[in-house]
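Q: Here the sequence shown is numbered in our numbering, starting from 1214 and rising by one per residue. This is the structure I want to talk about, given as structure tokens.
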Amino acid sequence: MNWNTLITDSVKRGECSHAIALFEKIRGDDCIHVYGPAFVSLLKLCIKHRNPDTGSKIHAEVLRRGLLHTDHYVGSTLVDMYAKCGLLTKAQEVFDMLPLRNVVSWTTLITGYVEAGDGETAIHCFDEMQHEAIAVDAVTLVCSLKACGMVGAKDKGQDIHADVARAGLENNLPIGSTLVDMYAKCGLLADAQKVFTGLPLRNVVSWTALIAGYTDHGHAKEALRCFDTMQREGVHPDAVTFVCSLKACGLMENVSKASEIHMQISRRGLERNLIVGSALVDMYAKCGFPRKARQVFDKLPIRDVVLWTALIAGYAEHGEPGEDALECLAEMQHDSVSPSSATYVCGLKACGNVGSTIKTQEIHVSVAKQGFERELLVGNALLDAYAKCGSLVEAHHVLDELHVRDVISWTALITGYSQLGQTWNVFDALERMVEENVKPNLATFVNVLNACNHAGLVDKGERYLESMFSSYALMPTVEHYTCVIDLLGRAGSVDRVVSMVERMPFHPGIVVWHAILGACRKWGNVYLGRHAFEHAIRLDEKDAASYIAMFNIYADASMHHEAHQIEAMRVEKQAFQLEKLNNRSLCII
């Protein structure tokens, strides 16, 4: 009986159980002579069915028969079997035992590390292979270039590119496409484009690699240009190409282009493809069309946690004002899909939007049960939701429970105190924040200055504005200056307002001039009001708010000065003409 033929034929016919049964009969029987090809067939069967347990038994039999040292195909296939089953340590052990390591065994090991996501080790293996003077082949080069792209090893990638050029393999389509992908992943988009342009044939793989590179590095317009050019050249996009192009549409918020791509996807019957469908949901959600996202979502055969989270995020960002997001979260849990920490962050954002302490507390309970409570992102989202709901005791409790507190944590609490007018708690929180060596950011100081403004603390507000640059190396924005200018104006410190406007490191915007106009009306300063008005209408000659403010300043002053009454009438006439123009424009629209 020829056991070798029986085993290999059973594998070829797909009779897996029979092949394994035959193997069990020959195990430990030295009278039955079985050679390398039969064991290679059995190991490939284990690879196909991801069966490392049977593979280990075959490994033991191979060792017992001494085949590991006499048949390099058996050794390479063992390495491949362990690598494909995710047992890289075992694959490396077998590889290290091989008496002869050739291009096949080295490439098999490198491929295993690449497929497992361990690019660093794959590159290390490639270096060792070259050190042993083993000639590489096209497959080795492709795998090594993939490893470089995975870890951003651009210098090593360029070295391998030089090897490719010396070997005259630049026109090899798989190698060329992988070079494009490697350069794109490393952010060297000009090099990726140069290699791509030099390819004698550009297929969907090379086009998609280039489109993905432009998209991943924020060049959405260029990515979509490539997408259009690709199709003009007669190359049809695949699922991955559509996903990259939809991501580019999301970056540009170009819903019109996305709708065109969506139509192509529908014509190709890919709308129910989970990867493509997920990209559509994510794109519509990010572009502010959560209901369109929901329409695509409802057609998908499988809805996992990532898909649910994308939909909930869309509703949380763009829902009115967030009930839809919370309904989706409840529906998701009803469908027995466990939320991730990212899902809860989106749900808590929705709670803050609707101002629901009860919903926040419900999510808080779920978060605590799943052990997410002390994760910084979730903790910050909880804190922010409680603060927006005005539940500052709960917000403070969440802050105290966090193992790590960053600027977002403290700023969320400070914002809550500021919005409720608890000025001294704002200052106390800022002091504690600094004591913990957490540096305030621009958003922190907006709320601190607002607290000063609400409480009328002029000197304190000016000191905080000054400390932004002197103590924290932060450049105040127009929002910070506007807040302090408004504070000074409310207090009647008109001279200090003028001084601050002159010291601003940028031209005042219309919001600043509005703040000054408001102060001028309160304190009856016609001269400064006129100055602010002229600057405001220079920025926007149709700004109705400026005309109304200036009219009110003149009207208030006209009781004491006839000339101001005339000026008030003139500004009122201008405002009336502006209103007629605006109304006419509205009618035209």
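Just so it is clear, CB atoms sit at the ideal spot from N, CA and C, and this is done for glycine as well.
Quick check for students: name the residue ranges of the alpha helix (DSSP H) that lie wholly in the stretch 1269-1357, counting only runs of 4 or more.
A: Counting only runs of 4 or more, we get 1285-1297, 1301-1310, 1316-1328 and 1332-1344.
Q: Measuring straight from C-alpha to C-alpha, what distance separates G1669 and L1741?
A: Those two C-alpha atoms are separated by around 21 Å.
Q: At the level of alpha carbons, what is the spacing between L1235 and L1280?
A: Their Cα atoms are separated by approximately 18 Å.
Q: Would you give the residue range spanned by the alpha helix (DSSP H) that S1205 belongs to?
A: Only positions 1214 to 1802 of the chain appear in this structure, which leaves residue 1205 out of reach.
Q: Please name the residue in V1468, Q1508, E1484 and G1482 whose C-alpha comes closest to that of K1499.
A: Considering only alpha carbons, the answer is V1468.
Q: Can you tell me the Cα-Cα spacing of W1319 and G1389, whole angstroms?
A: W1319 and G1389: Cα-Cα distance of roughly 22 Å.
Q: Go through its chain and collect everything with a Cβ distance to R1797's Cβ below 8 Å, but skip five positions before and after it.
A: Residue confidence for R1797 is low, a pLDDT of 39 falling below 50, so the modelled location carries little weight and cannot support an answer.
Q: Counting beta carbon pairs with one atom in the stretch 1289-1299 and one in the stretch 1332-1340, are three or more of them shorter than 8 Å?
A: Counting Cβ pairs under 8 Å, fewer than three are found: no touch.
Q: Excluding the five sequence neighbours on either side, which residues of its own chain have a C-beta within less than 6 Å of the C-beta of A1360, listed in chain order?
A: Closer than 6 Å at Cβ, skipping near neighbours: V1327, G1332, A1335 and I1336.
Q: Does P1387 come out as helix, strand or coil in the three-state DSSP assignment?
A: DSSP places P1387 in helix when its eight states are reduced to three.
Q: From Q1371 to A1461, what does the alpha carbon distance come to, in whole angstroms?
A: So the two alpha carbons sit approximately 27 Å from each other.
Q: By DSSP, does C1564 sit in helix, in strand, or in coil?
A: Helix at C1564.
Q: Quick one: what does DSSP say I1802 is sitting in, helix, strand or coil?
A: Any reading at I1802 needs caution, since the residue's pLDDT is 28, under 50, leaving its predicted position unreliable; the model's value is listed next. It is coil, neither helix nor strand.
Q: State the start and end residues of the unbroken alpha helix (DSSP H) segment that holds T1657.
A: Per DSSP, T1657 belongs to the alpha helix (DSSP H) from L1655 to A1668.
Q: Would you say S1604 touches the ligand PLP, meaning its beta carbon is less than 7 Å from a heavy atom?
A: Looking at this structure, you won't find the ligand PLP or any other ligand, since it has none at all.
Q: Taking only the alpha-carbon atoms, compute the straight-line gap between K1270 and A1329 and give it to the nearest angstrom.
A: In a straight line, the C-alpha of K1270 is about 23 Å away from that of A1329.
Q: I'd like the ranges of any alpha helix (DSSP H) spanning at least 4 consecutive residues and lying wholly in the stretch 1484-1513.
A: 1487-1499 and 1503-1512, all fully within the stretch 1484-1513.
Q: Within 10 Å of its beta-carbon, does D1597 have 16 or more other beta-carbons around it, so buried, or fewer, so exposed?
A: Classification of D1597: buried, given that the 10 Å Cβ count is 16 or more.
Q: Under three-state DSSP, which class holds C1559?
A: Helix, per DSSP.
Q: Would you mind giving the Cβ-Cβ distance between G1568 and K1601, rounded to the nearest angstrom? I have them listed as a contact below 8 Å.
A: Confirmed, Cβ separation roughly 6 Å.
Q: Is DSSP giving L1412 helix, strand or coil here?
A: In the structure shown, L1412 sits in coil (DSSP, three-state: anything other than H, G, I, E or B).
Q: Thinking just about the alpha-carbon of each residue, which of N1486, T1421 and V1456 is nearest to the one in D1394?
A: Measuring from the Cα of D1394, the nearest candidate turns out to be T1421.
Q: In terms of alpha-carbon separation, which member of L1513, Y1685 and G1629 lies closest to N1650?
A: Here the closest residue by C-alpha is Y1685.
Q: Among L1423, H1246, R1240 and S1491, which one has its Cα closest to the Cα of H1272?
A: Checked all of L1423, H1246, R1240 and S1491; the closest Cα to H1272 is R1240.
Q: Would you grab the beta carbon distance between A1405 and G1381 for me? Rounded to a whole angstrom, and I think it's under 8 Å.
A: A1405 to G1381, Cβ: 21 Å. No contact.
Q: Kindly indicate which three-state DSSP category V1651 falls into: helix, strand or coil?
A: Looking at V1651 - three-state DSSP - the assignment turns out to be coil, as it is neither helix nor strand.
Q: Using only the alpha-carbon positions, how far apart do D1495 and V1711 sit?
A: Near 49 Å, if we compare the C-alpha coordinates of V1711 and D1495.
Q: Run through DSSP, which three-state label would L1258 get?
A: Helix at L1258.
Q: Between L1354, V1606, S1554 and R1415, which has its C-alpha nearest K1582's C-alpha?
A: When only C-alpha atoms are compared, the closest one is S1554.
Q: Which of the three DSSP states, helix, strand or coil, is assigned to S1759?
A: If DSSP states are grouped into helix, strand and coil, S1759 belongs with the helices.
Q: Can G1172 and D1284 be called in contact, C-beta distance under 8 Å?
A: Here the chain has residues from 1214 to 1802 only, and residue 1172 is not among them.
Q: Using alpha carbons as the reference points, say which of R1445, G1501 and H1449 lies closest to A1471.
A: When each option's Cα is compared against that of A1471, the closest is G1501.
Q: Compare the beta carbon distance of L1633 and S1622 with 8 Å and say whether it is the shorter of the two.
A: For L1633 and S1622, no; Cβs fall outside 8 Å.
Q: Judging by CA-CA distance, which residue of L1386, G1365 and A1526 is the nearest neighbour of L1816?
A: What is shown of the chain runs 1214 to 1802, which leaves residue 1816 out entirely.
Q: Over the uninterrupted alpha helix (DSSP H) stretch that includes F1440, give me the two end residues.
A: Segment A1433 to R1445, the alpha helix (DSSP H) holding F1440.
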